[in-house]
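Set out below in structure tokens:
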């Protein structure tokens, strides 16, 4: 059994939907035009291969290499000075490194094997040479 709605109800529903959509649209426009505050740099560049960069976040303990997925931006792990997962790891006693895949340029044709053999393994070799220790990957 189907429920039948009056024309006035349908008109009100469409108007409410239109108003909410306009508010949503205005919010999205505002969000997309907002500028991010300049982040305080708390890392140093160790190595770069193509668009990929290896950063050191400090710390004195065992080396930890954090590798975000290819589709996620790495800054989510280091939002600001007070909210930095990487900085907390370094303060907790690990030597923290981050692999930032960057925006693909020369790597556009890479498949999984390309990223592994041409970027990740050379970065791991560099870390191993620099630290002389086994690298933990997260």
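Residue numbers (the working numbering): 6 to 143.
Heads up, the beta-carbon is just placed ideally off N, CA and C, and yes, glycines get one too.
For residue 57, same chain residues with a beta-carbon under 6 Å away, outside a window of 5 residues either side, are 106, 107, 124 in chain order. A direct Cα-Cα distance of roughly 15 Å separates residue 79 from residue 49.
The beta carbon of residue 90 sits closer than 6 Å to the beta carbons of 82 from its chain, once the five residues preceding and following it are set aside; these are given in chain order.
With 16 or more other Cβ atoms from the protein chains shown falling within 10 Å of its own Cβ, residue 100 counts as buried. For residue 53, the enclosing beta strand (DSSP E) starts and ends at 49-54. Per DSSP, the continuous beta strand (DSSP E) segment holding residue 63 begins and ends at 57-63. Residue 128 places its beta carbon less than 9 Å from that of residue 59. Annotation: the continuous beta strand (DSSP E) that includes residue 102 extends over 100-105. Of the residues 122, 140, 36, 39, the one whose Cα lies closest to the Cα of residue 54 is 122.
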